[in-house]
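If you're matching positions, the sequence shown starts at 1 in the UniProt record's numbering and goes up one per residue.
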Amino acid sequence: MAERKPIESWLTDMDGVLMHEGIPVPGADSFIKRLRESGKPFLVLTNNSMYTPRDLHARLARIGLDVPVRNIWTSALATAQFLADQRPNGTAYAIGEAGLTTALHDIGYVLTDADPDYVVLGETRTYSFEALTKAIRLINNGARFIATNPDETGPSAEGALPATGSVAALITKATGRDPYFVGKPNPLMMRAGLDAIGAHSETSAMIGDRMDTDVLAGLEAGMETFLVLTGLTRPEEIDLHPFRPSRVVDSIADLVELV
Ligand SMILES: [Mg+2]
């Protein structure tokens, strides 16, 4: 295996790496502090498109993690960036929360249900039959179908929550059309993030708690990959995948020294 170049910039997943079920993972605060002191470009990533970077900054701050707004990268931001590149100043019918609608407004999109270029589906806890019906009919009439992330479920203290991927499946079933998913494991999310901080994949690392999203996306984007065991992946599951991370560590605390 070719020797990798030193790591000059870091991308890290949020849930399962920095925090787990609302509680900070030990070492996450030291890791972020070290990153900020180093001056190295970094991003905290999430496939959750519900919140704006400012919302997430506040949520992280409440548990003692001080991540600047500019260092937060969500699937909603990546989706908005993708749409801005594909069709500048377009129109969209969005099903989602402020994280998505703010991102779309910020890139100059008009949100409308009158013959939009796109139907954009994101994470929300307030799906309505009416909104889904509208989305289905707009797609039938030619709107392109985009979804922020393919996650089928999300975590909660009480058990699984249906997430964007599950609702997308409902729309797909009704229309016969698959969405284009922008979030992880699509390496587009990583490449757009690297571009946003002026980083290059050959000198960047991705940290995550999932093989099928974080590690896969990092790998496909050409980055060094670290799997932490503080989230969803159990050690015995790693070898069930046809690919492997560059390194497996117990937690983010083991990576502080590498920054
Ligand atoms: Mg995670």
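Just so you know, even glycine gets a beta-carbon here, dropped at the ideal spot from N, CA and C.
Treat the numbers as computed from the prediction; the structure is a model and nothing was measured.
Check, Outcome
"Rounded to whole angstroms, how far is the Cβ of Ala163 from the Cβ of Pro185, which I believe are closer than 8 Å?", "Their Cβ separation, rounded to whole angstroms, is 15 Å, which puts Ala163 and Pro185 out of contact at 8 Å."
"In chain order, what residues have a CB nearer than 7 Å to some heavy atom of ligand 1?", "Asp13, Met14, Asp15, Gly16, Val17, Gly208, Asp209, Arg210, Asp214, Gly231, Leu232"
"Rounding to the nearest angstrom, what Cα-Cα distance links Ala253 and Pro26 in this structure?", "7 Å"
"Can you tell me the Cβ-Cβ gap for Asn71 and Leu43, rounded? I've got them flagged as a contact below 8 Å.", "6 Å"
"Secondary structure at His105, three-state DSSP: helix, strand or coil?", "helix"
"Out of curiosity, what's the CA-to-CA distance linking Ala131 and Asp15?", "29 Å"
"Tell me the rounded alpha-carbon separation between Val17 and Lys134.", "37 Å"
"Let's test the definition: count the other Cβ atoms within 10 Å of the Cβ of Thr112 and tell me whether it reaches 16, buried, or not, exposed.", "exposed"
"Could you name the residues of the same chain whose beta carbon sits closer than 6 Å to that of Arg177, not counting the 5 residues immediately before and after it, in chain order?", "Ile139, Phe145"
"Are the segment 65-83 and the segment 92-108 touching, with three or more C-beta to C-beta distances below 8 Å?", "yes"
"Leaving out five residues before and five after residue 261 in sequence, what residues of the same chain have Cβ atoms less than 6 Å from its Cβ?", "Look at the range of the chain in this structure, 1 to 259, and you will see that residue 261 is not part of it."
"Grouping DSSP H, G and I as helix and E and B as strand, with all else coil, what is Thr213?", "helix"
"DSSP on His57, reduced to helix/strand/coil?", "helix"
"Based on Cα-Cα distance, which residue from His105, Asp66, Met223, Pro235 lies nearest to Ala28?", "Asp66"
"For Leu45, count the other beta carbons within 10 Å of its own beta carbon; 16 or more makes it buried, fewer makes it exposed. Which is it?", "buried"
"What are the boundary residues of the alpha helix (DSSP H) that includes Asp13?", "Unbroken run through Asp13 is the beta strand (DSSP E), 9-13; no alpha helix (DSSP H)."
"Glu3: buried (16+ other C-beta within 10 angstroms of its C-beta) or exposed?", "exposed"
"Short of 6 Å in beta carbon distance, which residues of its chain neighbour Ala221, apart from the five on each side in sequence? Order them along the chain.", "Pro187, Met190, Arg191, Ser201"
"Find the nearest neighbour of Gly193 within the set Thr74, Arg62, Thr175, judged by alpha-carbon distance.", "Thr74"
"So with Cβ pairs under 8 Å, would you call Leu258 a contact of chain C?", "In the structure shown, chain C cannot be found, because there is only a single protein chain."
"Could you check what DSSP says for Pro26 in three-state terms: helix, strand or coil?", "coil"
"With H, G and I counted as helix, E and B as strand and the rest as coil, what does DSSP make of Gly99?", "helix"
"State the Cα-Cα distance for the pair Ala61 and Gly142, rounded to the nearest angstrom.", "42 Å"
"Could you tell me the boundaries of the beta strand (DSSP E) in which Thr46 lies?", "42-46"
"At the level of alpha carbons, what is the spacing between Gly198 and Gly39?", "13 Å"
"Count the other C-beta atoms from every protein chain shown that fall within 10 angstroms of the C-beta of Val110, then say buried if there are 16 or more, exposed otherwise.", "exposed"
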